[in-house]
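Residue numbering for the first sequence follows UniProt numbering, starting at 1 and increasing by one per position.
Positions of the beta carbon are idealized from the N, C-alpha and C atoms, including for glycine.
These notes concern the structure reproduced below.
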Amino acid sequence: MYITTTIPYVNARPHLGHALELVQADVLARHHRRRGEPVRFQTGTDDNSLKNVLAAEAEGVPVRELVDRNAAAFEGLRGPLELSFDGFIRTSGHPGHRAGVERIWRAVGHDLYRRHYDGLYCVGCEQFYPAGPCPDGHGEPLQAVSEENWFFRLSRYQDALAELIRGGRLRIEPAARRNEVLAFVEAGLADISVSRSAARARGWGIPVPDDPGQVVYVWWDALANYVTALEGGDYERWWVRERRKAHLMGKGVIRFHAVYWPAMLLSAGLPLPTDILVHDYLTVDGRKISKSAGGAVDPVALVAAYGSDAVRWWLLREVPRVGDADFTEARLIARYDEDLANGLGNLVNRVVTMVCRFLDGHVPEGEPPVGVSGAVHEALEDFDFRRAAAAVWTLVEEANRYVDREQPWKQAGPARERTLGGLVAACRELAVQLEPFLPTAAARVAAAVGGDRLGPPAPLYRRLSGVAH
RNA sequence: GGGGCGGUAGCUCAGCCGGUCAGAGCAUCGGACUCAUAAUCCGUGGGUCGUGGGUUCAAGUCCCACCCGCCCUACCA
């Protein structure tokens, strides 16, 4: 399975919203790897957005400097969030990217033509609007642009796209998003501008082949990353031969991924992605996350304060499949205490304690009294991380119930050994099931219940909130 | 303007093709237990399922209108 995230433009440091998408992609990647499937998990940054240029100007630093610094911050999420991506592409630095963009451009040449265009351009959105103001409310007024650009005959692919989506060849999840895209396509597709004058782009970006006065539209440039990130044999392996190719993205950029991008590929005669997986947005304390407004939560700071398990668990367990989710530190703490400390941590702790106290640490043979069946996989196939996380957690809940039901402290001899052996086995199984979601927790649990003889108990997670006495 | 998505217990949310669907978790309250991180387990209370109509033997669950929040899209139905 080839799994990609969108590549954010790097006009600022990453916020919690980026973490959501990366963690979701990471869970998919780890899950499918664990099933023994070949997986390539690809992410990166869009360095060529005009917004990056403007951010650099506002800050008074060279574009290159700002882009390098912020891109490094995005790549640096790998450690704190425990991301397992295999590839990280930067559109300004990746050796094959520019050449790949040019190659696609030429392959699509039969659908490109020059046209004079008068329009109002919103830099914030990187797109044209027929009339102002920008619906997203980006502060700056729309730029009146009058220039000759390259256009792509998107209109030509309307029927083909509709058919691909209707037939499920191009799967869009959740279904509501699929309907949304279908409605958009069936309403009629107009050709789109795919270049801009190099002057207006401040010279930043990839020049149009054989037309140095023009720069390739940043979206064209960015979308191409999904194939340009794959060089040499990797392209053949992951874009041509791979059966499942999934793009993860936020709801704001569906049109680019589910319409423009497939149309580009159709025109170029290249294979298409198979899954478009769309998540909604996060708000923080009830407010929209705004990179510029500072209300953004720094995922790295959050991890530093609460640990990667806490952050990943909140993102996976609390964010619904449909609808924006509101992040608050209180909710994260509540989830941490309830699930990680009281649920998982306490379970492992009580099991280890009993094995040490009653059996001198020796682990008896045992079959786990609980299991998860296919619920996790089914939920992930539906792109429902919350349901998947809940499915894994049934192991914790059932194991805790099992302890209370069997009451091993009252048991003796073989009965007690059978119970405790089963519980240790259950914890080991839990470690395995947990790995795609919480790698650190999985490792901690595995360490606590590994081997023939268990060491002394040590709490895995301390409660964060004060406990009333 | 068009299209779509939400509006279900105090909070966060499940409820697919209509008939144990009125639910789960948290919070509250009561009980049990003591292996454990004052944790765990069991049980209780609480909702006119946004509003108003309609279809049906039967509707959160389908249809229409409206209200609130949000998203996409379009100044050409």
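Closest Cα partner of residue i within the set the options
i: Arg178; options: Ala58, Ala389, Asp275; result: Asp275
i: His442; options: Val449, Val432, Gly451; result: Per the sequence presented here, residue 442 reads as Ala, with His not at that position. Per the Cα distances, Val432.
i: Gly366; options: Leu230, Glu429, Ser155; result: Glu429
i: Pro459; options: Trp220, Thr353, Leu380, Ala190; result: Thr353
i: residue 477; options: Leu248, His279, Phe151; result: For the chain, the structure presents residues 1 to 469; residue 477 sits outside this window and is missing.
i: Ile192; options: Pro174, Arg153, Asp68; result: Arg153
i: Arg78; options: Glu59, Arg287, Gln42; result: Gln42
i: Arg401; options: Pro369, Tyr121, Phe256; result: Pro369
i: Asp211; options: Lys245, Leu164, Tyr113; result: Tyr113
i: Ala448; options: Pro414, Ala72, Trp239, Cys356; result: Cys356
i: Leu316; options: Ile3, Pro14, Leu22, Thr6; result: Leu22
i: Ala390; options: Arg416, Pro320, Gly167, Gly119; result: Pro320
i: Met264; options: Arg202, Ala187, Tyr226, Ala426; result: Tyr226
i: Ala301; options: Met1, Thr6, Leu16; result: Leu16
i: Ala144; options: Ala160, Asp118, Ile165, Asp404; result: Asp118
i: Gly93; options: Asp46, Ser84, Asp86, Tyr121; result: Asp46
i: Ala305; options: Ser197, Ala25, Pro80; result: Pro80
i: Arg362; options: Arg416, Ala176, Gly343, Glu338; result: This sequence places His at residue 362; Arg is not what is there. Taking only the C-alpha atoms, the option nearest His362 is Arg416.
i: Glu163; options: Val181, Gly60, Asn149, Pro436; result: Val181
i: Asp86; options: Arg243, Glu231, Ala176, Gly188; result: Glu231
i: Ala201; options: Asp309, Val53, Gly44; result: Val53
i: His279; options: Leu272, Leu359, Gly250; result: Gly250
i: Glu398; options: Glu378, Arg106, Cys427, Asn149; result: Cys427
Residue i burial status per 10 Å Cβ neighbour count (16 or more: buried)
i: Glu82; result: buried
i: His31; result: buried
i: His116; result: exposed
i: His110; result: exposed
i: Val218; result: buried
i: Arg171; result: buried
i: Thr6; result: buried
i: Pro299; result: buried
i: Val376; result: buried
i: Val240; result: exposed
i: Ala175; result: exposed
i: Val61; result: exposed
i: Val67; result: buried
Unbroken beta strand (DSSP E) run spanning residue i, endpoints
i: Met249; result: 245-250
i: Trp45; result: The question names Trp, yet the displayed sequence has Thr at residue 45. Counting along the chain, the beta strand (DSSP E) containing Thr45 begins and ends at 40-45.
i: Ala224; result: Here Ala224 belongs to no beta strand (DSSP E), and DSSP marks it neither H nor E.
i: Thr6; result: Careful: Thr6 lies outside any beta strand (DSSP E) and carries neither H nor E.
i: Thr283; result: 282-284
Whole-angstrom distance between residue j and residue i, CA atom to CA atom
i: Gly421; j: Val27; result: 30 angstroms
i: Arg453; j: Val445; result: 14 angstroms
i: Ala293; j: Val424; result: Any reading at Ala293 is ruled out, since the residue's pLDDT is 49, under 50, leaving its predicted position unreliable.
i: Val392; j: Asp285; result: 28 angstroms
i: Glu406; j: Glu329; result: 37 angstroms
i: Arg287; j: Ala229; result: 35 angstroms
i: Val297; j: Ile254; result: 24 angstroms
i: Leu277; j: Gly96; result: 26 angstroms
i: Trp314; j: Leu380; result: 17 angstroms
i: Glu147; j: Leu332; result: 50 angstroms
i: Thr440; j: Tyr9; result: 29 angstroms
i: Ser373; j: Ala388; result: 12 angstroms
i: Val101; j: Pro14; result: 26 angstroms
i: Ala262; j: Leu161; result: In the sequence under discussion, the amino acid at residue 262 is Pro, which differs from the Ala named in the question. Rounded to whole angstroms, Pro262 to Leu161 spans 8 angstroms at the Cα level.
i: Tyr157; j: Phe385; result: 33 angstroms
i: Pro408; j: Pro436; result: 31 angstroms
i: Pro38; j: Thr4; result: 14 angstroms
i: Pro456; j: Arg418; result: 20 angstroms
i: Met1; j: Gln411; result: 48 angstroms
i: Ala71; j: Arg64; result: 10 angstroms
According to DSSP, residues forming a beta bridge with residue i
i: Ser465; result: For Ser465, which the question treats as bridged, DSSP gives no partner whatsoever.
i: His116; result: Glu148
i: His362; result: Arg453
i: Glu173; result: Leu277
i: Asp298; result: Looking at the DSSP assignment, Asp298 forms no beta bridge with any residue, so it has no partner.
i: Tyr2; result: Arg40, Lys245
i: Ser195; result: Val216
Range of the contiguous alpha helix (DSSP H) that encloses residue i
i: Gln433; result: 413-434
i: Val27; result: 16-34
i: Val322; result: Where Val322 is concerned, there is no enclosing alpha helix (DSSP H), given that its DSSP letter is neither H nor E.
i: Phe385; result: 385-406
i: Val216; result: Segment 211-216 is the beta strand (DSSP E) holding Val216; no alpha helix (DSSP H) there.
i: Arg331; result: 329-335
i: Gly79; result: 78-81
i: Arg69; result: 63-75
i: Arg90; result: Segment 87-90 is the beta strand (DSSP E) holding Arg90; no alpha helix (DSSP H) there.
Residue i: CB within 7 angstroms of a non-hydrogen atom of the ligand SAH
i: Gly307; result: In the structure shown, the ligand SAH is absent, as is every other ligand, since no ligand is present at all.
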